[in-house]
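Undergrad: Dropping the structure in here first, questions after.
Number of protein chains: 2
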Amino acid sequence: MRITITDPGDPRLSDYVALRDTSLRKAVETERGLFIAEGEKVIRRALEAGYQPRSFLLAERWLPGLADVLAPHEDVPLYVVTEDMAEAVTGFHVHRGALASLHRRPPTPMADLLGARRLVVAEDIVDHTNVGALLRNAAGLGWDGVLLAPRAADPLYRRAIKVSMGTVFSLPWARVDDWASALPRLREAGFTVVALALTPDAISLDAFVAAGVPDKVAVVVGTEGDGLSQRWIDQADAVVSIPMQHGVDSLNVAAATAVACWALR
Amino acid sequence: MRITITDPGDPRLSDYVALRDTSLRKAVETERGLFIAEGEKVIRRALEAGYQPRSFLLAERWLPGLADVLAPHEDVPLYVVTEDMAEAVTGFHVHRGALASLHRRPPTPMADLLGARRLVVAEDIVDHTNVGALLRNAAGLGWDGVLLAPRAADPLYRRAIKVSMGTVFSLPWARVDDWASALPRLREAGFTVVALALTPDAISLDAFVAAGVPDKVAVVVGTEGDGLSQRWIDQADAVVSIPMQHGVDSLNVAAATAVACWALR
Numbered sequence: 001m002r003i004t005i006t007d008p009g010d011p012r013l014s015d016y017v018a019l020r021d022t023s024l025r026k027a028v029e030t031e032r033g034l035f036i037a038e039g040e041k042v043i044r045r046a047l048e049a050g051y052q053p054r055s056f057l058l059a060e061r062w063l064p065g066l067a068d069v070l071a072p073h074e075d076v077p078l079y080v081v082t083e084d085m086a087e088a089v090t091g092f093h094v095h096r097g098a099l100a101s102l103h104r105r106p107p108t109p110m111a112d113l114l115g116a117r118r119l120v121v122a123e124d125i126v127d128h129t130n131v132g133a134l135l136r137n138a139a140g141l142g143w144d145g146v147l148l149a150p151r152a153a154d155p156l157y158r159r160a161i162k163v164s165m166g167t168v169f170s171l172p173w174a175r176v177d178d179w180a181s182a183l184p185r186l187r188e189a190g191f192t193v194v195a196l197a198l199t200p201d202a203i204s205l206d207a208f209v210a211a212g213v214p215d216k217v218a219v220v221v222g223t224e225g226d227g228l229s230q231r232w233i234d235q236a237d238a239v240v241s242i243p244m245q246h247g248v249d250s251l252n253v254a255a256a257t258a259v260a261c262w263a264l265r
Numbered sequence: 001m002r003i004t005i006t007d008p009g010d011p012r013l014s015d016y017v018a019l020r021d022t023s024l025r026k027a028v029e030t031e032r033g034l035f036i037a038e039g040e041k042v043i044r045r046a047l048e049a050g051y052q053p054r055s056f057l058l059a060e061r062w063l064p065g066l067a068d069v070l071a072p073h074e075d076v077p078l079y080v081v082t083e084d085m086a087e088a089v090t091g092f093h094v095h096r097g098a099l100a101s102l103h104r105r106p107p108t109p110m111a112d113l114l115g116a117r118r119l120v121v122a123e124d125i126v127d128h129t130n131v132g133a134l135l136r137n138a139a140g141l142g143w144d145g146v147l148l149a150p151r152a153a154d155p156l157y158r159r160a161i162k163v164s165m166g167t168v169f170s171l172p173w174a175r176v177d178d179w180a181s182a183l184p185r186l187r188e189a190g191f192t193v194v195a196l197a198l199t200p201d202a203i204s205l206d207a208f209v210a211a212g213v214p215d216k217v218a219v220v221v222g223t224e225g226d227g228l229s230q231r232w233i234d235q236a237d238a239v240v241s242i243p244m245q246h247g248v249d250s251l252n253v254a255a256a257t258a259v260a261c262w263a264l265r
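Residue numbers (UniProt numbering), protein chains in the order written: chain A, 1 to 265; chain B, 1 to 265.
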């Protein structure tokens, strides 16, 4: 349903306002149950993954390239705007003027991921870029899914989706509601819980791999600032480190996850 | 030499203007031969690595913590400002109000790195975040240095330094002036040149490692958009890929470098 819009204040565009205002977006997206996909490739991936669109906000030149994935959604408002208009609405220079607003799905329960063999468990990673990169790395390296602590950043936030290159739509992930019971539940499901942390008595990743990688592995990573919480370090089946050289304190959490996912795949 | 400044337009602060304006900064920093370090830890690392300061721009509360590294530079202007002033000068919210302007050194020649055993060679990685992350990963995982193509982003750009966590000061790196001769020079110096690329006939990183890692390895990585140039792919001793799953196109270049540095260390 093609609609040409010329007023950036048009209330029909309210899903798209102030895309750089993280706190406002959090409220808007939670209340309306939506998320925003940005860029042709990401919109395509969201639709191919079966997410239902609320509306599209596209510059004219994207229409031919997206025609095939737009076709089944003829009843959905397709707001055609200039790139300047897109900028006026969203408050920033939209990546080549292609946006979609999509319905969130009911959250995946943690239990759905417990049949997997390789999980990344992300403690309080509050940075959307890190969450997106972590998902991309876990997916690319063939891991089965990601569990997120209650305070970890939202994988369906625009920036996280973009950095993940849309892998948030294909890799299974779940929010852990009760963080305190997550570790015993993982162990009960047969996982060896591996805390990735640079504690003095950690085993090196090398040595851990040499001793034989267990059948089911859950790698737990923590925030960059404070690292993994002491509780997980204390209770994990193994504390494993990627030894650092040249005086470097640590790798970024997404890079560390990539190395661990490669070594333990 | 402590100087309190109250006018954000004070010409003595001209090293610090418009820190988010990449093109302006490129001109300012090249012409004056300076770079900017941001944050207490990064300033400390730059000074410890022997870089000579031109001046400091610090909020009062940083003085005690940096006193030991500031002491040998009593003749260098130390501009003490409020955090609001720092913001007014630099045009953005400076990370907790701590900046230093330092002299660049003469560039390291490529030849200085050819005695190493493990080098990362970065083709046209134009994103400062990626260059900084790549340096951090190479350093943390114990590689000996990084060679940068002529068009790769400046590791001494503020954002690159910050993302690298200051490893740009400790890990040797050099700009390759003549890109066309870089590959034969590496080979002449005894390196096995490994192109990291997702070409259909690439060997998987696993298989390459299983066949025995050569004594001297130079891993060449390319830009994320276009990947490595065909010339390097054609001429490399081996083309190696990190196999991707879940429909992911590729890892981010810094994450791919981390995996390769780990596997080939």
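Think of the CB as a built atom: it goes at the ideal place given N, C-alpha and C, for glycine as much as any other residue.
As the structure is a prediction and not an experimental result, all values here were calculated from the model.
(1) Can the beta-carbon of B/LEU34 be found closer than 8 angstroms to that of B/HIS103?
(2) For B/GLY227, which beta-bridge partners are listed by DSSP?
(3) Tell me which residues share the same chain as A/LEU13 and place their Cβ nearer than 6 angstroms to its Cβ, disregarding the 5 neighbours each side in the sequence.
(4) Where do the N-terminal and C-terminal ends of the alpha helix (DSSP H) with A/ARG187 fall, by residue?
(5) Run through DSSP, which three-state label would A/TYR157 get?
(6) Kindly indicate which residue of B/THR6, B/CYS261 and B/VAL176 has the alpha-carbon position closest to the one of B/VAL194.
(7) At a cut of 8 angstroms, does the stretch 230-247 of chain B reach the stretch 164-174 of chain A through at least three beta carbon pairs?
(8) Going by DSSP in three states, B/ILE43 sits in which element: helix, strand or coil?
(9) Can you tell me whether A/ALA236 is buried or exposed? The criterion is at least 16 other CB atoms within 10 Å of its CB, across all chains shown.
(10) Does any residue of chain B have a CB that is nearer than 8 angstroms to the CB of A/ASN130?
(11) Counting only Cβ pairs nearer than 7 angstroms, list the residues of chain A close to B/SER170.
(12) Please tell me whether A/GLY97 and A/GLU83 are closer than 8 angstroms, where the distance is taken between their beta carbons.
(13) Would you mind stating whether A/ALA202 and A/VAL239 have Cβ atoms separated by less than 8 angstroms?
(14) Is B/MET110 close to chain A, meaning its C-beta is less than 8 angstroms from at least one C-beta of that chain?
(15) Using three-state DSSP, classify B/GLY247 as helix, strand or coil.
(16) Whose C-alpha, out of A/GLU38, A/ASP10, A/ILE3 and A/ASP7, is nearest the C-alpha of A/LEU19?
(17) Contact check, B/ALA218 vs B/LEU171 under 8 angstroms by CB: the rounded distance?
(18) From the DSSP secondary-structure annotation, give me the bridge partner or partners of A/GLU38.
(19) If we define contact as Cβ-Cβ less than 8 angstroms, is A/THR167 a contact residue for chain B?
(20) List the residues of chain B that A/VAL259 touches, going by C-beta distances under 7 angstroms, in chain order.
(21) Quick check: what's the CA-CA separation for B/THR192 versus B/GLY115?
(22) Do you know offhand how far A/PRO214's Cα is from B/LEU251's?
(23) Who does B/SER204 pair with in a DSSP beta bridge?
(24) Is the Cβ of B/ARG20 closer than 8 angstroms to any Cβ of chain A?
(25) Taking Cβ-Cβ distances below 8 angstroms as the criterion, which residues of the stretch 131-148 of chain B are in contact with chain A?
(26) Looking only at DSSP bridge pairs, what is A/ILE3 linked to?
(27) Consider the Cβ of A/LEU13: report whether some Cβ of chain B lies at a distance smaller than 8 angstroms.
(28) Please classify B/ASP15 as buried or exposed, where buried requires at least 16 other C-beta atoms within 10 Å of its C-beta.
(29) Who are the Cβ neighbours of B/GLY222 in its own chain at under 6 angstroms, not counting the five residues just before and after it?
(30) Going by other Cβ atoms of all chains shown within 10 Å of its Cβ, with 16 needed for buried, is B/GLY132 buried or exposed?
(31) Which residues in chain B have a C-beta closer than 7 angstroms to the C-beta of A/ALA254? List them in chain order.
(32) In the DSSP assignment, the beta strand (DSSP E) including B/PRO53 goes from what residue to what residue?
(33) Beta-carbon separation of A/VAL121 and A/VAL220 under 8 angstroms?
(34) Can you give the beta carbon distance from B/PRO106 to B/ALA174, rounded, assuming they're within the 8 angstroms contact cut?
(35) With hydrogens ignored, establish whether the beta-carbon of A/GLY140 is closer than 7 angstroms to any heavy atom of the ligand NAP.
(36) Are the stretch 144-153 of chain A and the stretch 177-187 of chain A in contact at 8 angstroms, needing three or more beta carbon pairs?
TA: On the basis of the data shown:
(1) Taking the second sequence and counting its residues from 1, one reaches residue 34 of chain B at position 34. Taking the second sequence and counting its residues from 1, one reaches residue 103 of chain B at position 103. Yes.
(2) Mapped onto the second sequence, residue 227 of chain B falls at position 227. In DSSP, B/GLY227 forms a bridge with B/THR223.
(3) Here the question's residue 13 of chain A lines up with position 13 in the first sequence. Only residues of its own chain outside the window of five on either side were considered, and among them VAL89 have a CB closer than 6 angstroms to the CB of A/LEU13, listed in chain order.
(4) Working through the first sequence from its first residue, we reach residue 187 of chain A at position 187. The continuous alpha helix (DSSP H) containing A/ARG187 extends over residues 182-188.
(5) The sequence position of residue 157 of chain A within the first sequence is 157, counting from 1. A/TYR157: coil per DSSP, three-state reduction.
(6) Taking the second sequence and counting its residues from 1, the one referred to as residue 194 of chain B is at position 194. The option with the nearest alpha carbon to B/VAL194 is B/CYS261.
(7) Three or more beta-carbon pairs separated by less than 8 angstroms link the stretch 230-247 of chain B to the stretch 164-174 of chain A, which places the two stretches in contact.
(8) For this step, residue 43 of chain B is matched to residue 43 along the second sequence. Taken through DSSP and simplified to helix, strand or coil, B/ILE43 comes out as helix.
(9) By one-based count along the first sequence, residue 236 of chain A stands at place 236. Buried, since its Cβ has 16 or more Cβ neighbours within 10 Å.
(10) Along the first sequence, one-based indexing puts residue 130 of chain A at 130. Answer no: the Cβ-Cβ gap between A/ASN130 and chain B never drops below 8 angstroms.
(11) The count along the second sequence starts at 1 and reaches residue 170 of chain B at position 170. Neighbours of B/SER170 on chain A, chain order: HIS246 and GLY247.
(12) Indexing the first sequence from 1 puts residue 97 of chain A at position 97. Indexing the first sequence from 1 puts residue 83 of chain A at position 83. Yes, the Cβ-Cβ distance between A/GLY97 and A/GLU83 is below 8 angstroms.
(13) For the purposes of this step, residue 202 of chain A is taken as residue 202 along the first sequence, with counting starting at 1. For the purposes of this step, residue 239 of chain A is taken as residue 239 along the first sequence, with counting starting at 1. Closer than 8 angstroms, so yes.
(14) Taking the second sequence and counting its residues from 1, one reaches residue 110 of chain B at position 110. No, no contact with chain A.
(15) Counting from one through the second sequence, the residue named residue 247 of chain B turns up at place 247. Three-state DSSP puts B/GLY247 in coil, outside helix and strand.
(16) The residue you call residue 19 of chain A lines up with position 19 of the first sequence. The shortest Cα separation from A/LEU19 among A/GLU38, A/ASP10, A/ILE3 and A/ASP7 belongs to A/GLU38.
(17) Locating residue 218 of chain B in the second sequence gives position 218, counting from the first residue. Locating residue 171 of chain B in the second sequence gives position 171, counting from the first residue. Taking C-beta atoms under 8 angstroms as the contact rule, B/ALA218 and B/LEU171 fail to qualify, at a distance of about 15 angstroms.
(18) Taking the first sequence and counting its residues from 1, the one referred to as residue 38 of chain A is at position 38. In the DSSP assignment, A/GLU38 is bridged to A/LEU99.
(19) As a first step, residue 167 of chain A is located in the first sequence; it is residue number 167 there, counting from the start. Chain B contact via Cβ: present.
(20) The residue given as residue 259 of chain A occupies position 259 in the first sequence. Result: ALA258, VAL259 and TRP262.
(21) Against the second sequence, residue 192 of chain B aligns to sequence position 192. Against the second sequence, residue 115 of chain B aligns to sequence position 115. Those two C-alpha atoms are separated by around 13 angstroms.
(22) In the first sequence, counting from the first residue as 1, residue 214 of chain A sits at position 214. In the second sequence, counting from the first residue as 1, residue 251 of chain B sits at position 251. Those two C-alpha atoms are separated by around 25 angstroms.
(23) As a working note, residue 204 of chain B is residue 204 in the second sequence. DSSP, once it has assigned bridges, lists B/SER241 as partnering B/SER204.
(24) Counting from one through the second sequence, the residue named residue 20 of chain B turns up at place 20. Judged by the 8 angstroms Cβ criterion, B/ARG20 is not in contact with chain A.
(25) Of all residues in the stretch 131-148 of chain B, only ALA133, ARG136, ASN137, ALA139, GLY140, LEU141 and GLY142 come within less than 8 angstroms of chain A when Cβ atoms are compared, listed by chain position.
(26) Here residue 3 of chain A refers to the residue found at position 3 of the first sequence. DSSP, once it has assigned bridges, lists A/TYR79 as partnering A/ILE3.
(27) The residue labelled residue 13 of chain A in the question sits at position 13 within the first sequence. No, no contact with chain B.
(28) Residue 15 of chain B sits at position 15 when you count from the first residue of the second sequence. By the beta-carbon neighbour count (other beta carbons within 10 angstroms, threshold 16), B/ASP15 is buried.
(29) Numbered from 1 along the second sequence, position 222 holds the residue referred to as residue 222 of chain B. The answer, listed in chain order, is GLU123 and LEU228.
(30) Here residue 132 of chain B refers to the residue found at position 132 when the second sequence is read from its first residue. Label assigned to B/GLY132: buried.
(31) Taking the first residue of the first sequence as position 1, residue 254 of chain A is located at position 254. Close partners of A/ALA254 in chain B (Cβ separation under 7 angstroms): ALA255.
(32) Translated into positions along the second sequence, residue 53 of chain B becomes position 53. 53-59 is the span of the beta strand (DSSP E), which, as asked, contains B/PRO53.
(33) For this step, residue 121 of chain A is matched to residue 121 along the first sequence. For this step, residue 220 of chain A is matched to residue 220 along the first sequence. In this structure, A/VAL220 lies closer than 8 angstroms to A/VAL121 by Cβ.
(34) Taking the first residue of the second sequence as 1, we reach residue 106 of chain B at position 106. Taking the first residue of the second sequence as 1, we reach residue 174 of chain B at position 174. With a Cβ gap of about 11 angstroms, B/PRO106 and B/ALA174 do not count as contacting.
(35) As presented, the structure is devoid of all ligands, the ligand NAP included, so that no description of it is given.
(36) Taking one beta carbon from each stretch, the stretch 144-153 of chain A and the stretch 177-187 of chain A have 3 or more pairs nearer than 8 angstroms; the two touch.
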